[in-house]
Amino acid sequence: MVFAAKGVVHLRQYQKGTSFWGEDTTSKGNRDYFWDTFSKRRRKPSPLTPPCLERTHSPLCERPVTAGQTGCILVNKRENRPSSPQRIERPRGGITRKGMCSMGQEVKVVSVLVNTEMASSHEDRFHVVTPLKKSPILSNVTGTEVLLKLENIQPMGSFKIRGIGHYCQTLSKKGYTRFVCSSGGNAGLAAAYACNKLGLAATIVVPESTGQDIVQKLKGLGADVVVKGKVWDDADALAHQLAEAPGSVYVSPFNNPVIWEGNSTLIRELKDSLGLRKPSALVLAVGGGGLLAGLVSGMTDVGWLDVPIIAMETNGAHCLNAALQAGEIVTLPDITSIAKCLGAKTVCERAFQCARETDLISITVDDREVIEAIEKFLDDELMLVEPACGAALAAVYSGHIERLKLEGRLKNPHGPVVLIVCGGSAISLSQLLDFKSQFGLN
Ligand SMILES: Cc1ncc(COP(=O)(O)O)c(C=O)c1O
């Protein structure tokens, strides 16, 4: 039997030394059930199975698992003991009340999130825990409580350090000495910052659209900068080639499970701040989809999969919206929006899956609305953010939150709308003024 009645089964797998263990993250934040070794045949529990390794991590898996593999649940953490062979022979029904799987049940791993060595411990992680700020003005605009998750105050000014910092830390333990990252700007800054901290070399490949100020910041962090092509996809192709050199490793700005794992820390922080309150919606900007994939991973962990996700893109950098309309992943012919940091022509597969598995509302806005939103946010909150983030802000300033509320699309009506202020470095006051005159907004 395949445990798919509730949709996707996620296994988060951890490694310490040569041992692996895993937890079921499907069960709406309830981590009581764990999967033991994924052997095809059913067998007696391993004598290696310890009573409990850590509070939420229980039995050892003896080998890494991969998506698509099937296996069998042998241990139930609640009882802290291996399940009996009889129970393995006679599974107790399929899905339990809470949507979890029963001991002895055969399951299929649909996706695996690997968190090797738990690199981002509190002491050595590169990102900071950001404030969740209530915004009376934006709450007034939308007619609902709006909380701002201030990722713009992260080192290097965007959420990117969560995932990319975690990725660089994790991969540095494997002996790589040079990290090659393709980026529109913010991912490169995060990679350069992390490599600088780790004492490792960084090559950041950016497209021609990346501003000189960002190139200078990258160089200031000790990174080698290579400019290639018109859009991020061109830079990315070169980054893949450069990463083939001995000792080098490629860093995707958004498409890797370790990056999603790092990005998911944002949700755990939100959960800590909100306690028992659930958001009525989460608002974010989507580029290649790494933030979306990370948030959905975190939402799975904390039991927030019913929270609507408002996924904002700009027309001309709307690869997720185009994919959802087509019913399959598509590649945009070009990136024509000013939000260059959202400018992946193709959304990553995991983000596309996430969009289909959650209550995701995809919205696109025009560049002009983005610039209006950035300016209003500067006036309202005294913070200047780049167009990638302006796309998320336009959910408020272009009236989408208000409309969705009236349409009854915001769940948990007493919960706040959480807007992820993803930040970004591709902006200055003079650039904002240039954009304003470009769109006749003076
Ligand atoms: C400031 C900012 N916000 C949002 C995004 C979108 O993130 P993702 O590519 O993970 O979807 C990016 C991507 O670079 C970004 O720089």
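Heads up: the sequence shown at position 437 corresponds to 437 in the working numbering, and the numbers run straight through without jumps. Heads up, the beta-carbon is just placed ideally off N, CA and C, and yes, glycines get one too. Since the structure is predicted, the reported quantities are computational estimates derived from the model, not experimental observations.
{"Query": "7 Å Cβ shell around Ala239 - same chain, five flanking residues per side excluded", "Result": "Val180, Cys181, Ser182, Val205, Tyr250"}
{"Query": "The segment 136 to 149 touching the segment 166 to 178, judged by at least three CB pairs closer than 8 Å", "Result": "no"}
{"Query": "Span of the beta strand (DSSP E) around Met156", "Result": "Here Met156 belongs to no beta strand (DSSP E), and DSSP marks it neither H nor E."}
{"Query": "Expected contact under 8 Å - CB spacing of Gly303 and Ile267 to nearest Å", "Result": "Not confirmed; about 11 Å, so no contact."}
{"Query": "Separation of Ser158 from Thr141, as counted between CA atoms", "Result": "It should be noted that the sequence gives Val, not Thr, for residue 141. The straight-line gap from Cα to Cα measures roughly 25 Å."}
{"Query": "Any non-hydrogen atom of ligand 1 within 6 Å of Val286 CB", "Result": "yes"}
{"Query": "Nearest-angstrom Cβ-Cβ length linking Ile374 and Val385, presumed shorter than 8 Å", "Result": "6 Å"}
{"Query": "Val457, enclosing beta strand (DSSP E) - first and last residue", "Result": "Nothing can be reported for residue 457, as the shown portion of the chain is limited to 1 through 442."}
{"Query": "Segments of 3+ residues assigned as beta strand (DSSP E) that fall wholly inside the segment 219 to 287", "Result": "224 to 227, 248 to 251, 281 to 285"}
{"Query": "Residue nearest to Leu147 in terms of C-alpha spacing, selected from Asp234, Leu419, Leu270", "Result": "Leu419"}
{"Query": "Alpha-carbon to alpha-carbon, Leu189 and His414", "Result": "38 Å"}
{"Query": "Paired residues, beta bridge with Cys181 - DSSP", "Result": "Ile204, Val251"}
{"Query": "Leu74 to Val365 span [Cα, whole Å]", "Result": "Bear in mind that a pLDDT of 46 at Leu74, under 50, signals an unreliable position, so the number given afterwards is only what the model happens to contain. About 49 Å."}
{"Query": "Candidates Ile338, Thr336, Asn321, Ser337: closest to Val330 by CA position", "Result": "Asn321"}
{"Query": "Cβ-based burial, Arg356 [other Cβ within 10 Å; buried from 16]", "Result": "exposed"}
{"Query": "Through-space distance from Thr265 to Thr144, alpha-carbon basis", "Result": "25 Å"}
{"Query": "Cβ separation of Asn186 and Cys341, assumed to be a contact under 8 Å, to the nearest whole Å", "Result": "6 Å"}
{"Query": "Chain B within 7 Å of Leu291, Cβ atoms only", "Result": "Included in the structure is just one protein chain, with no chain B present."}
{"Query": "Separation of Ala201 from Val286, as counted between CA atoms", "Result": "29 Å"}
{"Query": "Ser362 - containing beta strand (DSSP E), residue span", "Result": "360 to 365"}
{"Query": "Terminal residues of the beta strand (DSSP E) in which Met312 lies", "Result": "309 to 314"}
{"Query": "Host alpha helix (DSSP H) of Val302 (start-end)", "Result": "290 to 302"}
{"Query": "Val396 - containing alpha helix (DSSP H), residue span", "Result": "387 to 397"}
{"Query": "Residue closest to Ser248, alpha-carbon to alpha-carbon, out of Ala395, Tyr176, Leu393, Pro333", "Result": "Tyr176"}
{"Query": "Ser428 Cβ short of 6 Å to ligand 1 heavy atom set", "Result": "no"}
{"Query": "Leu378: CB within 6 Å of a non-hydrogen atom of ligand 1", "Result": "no"}
{"Query": "Sub-7 Å separation of Lys230 and Glu261 beta-carbons", "Result": "no"}
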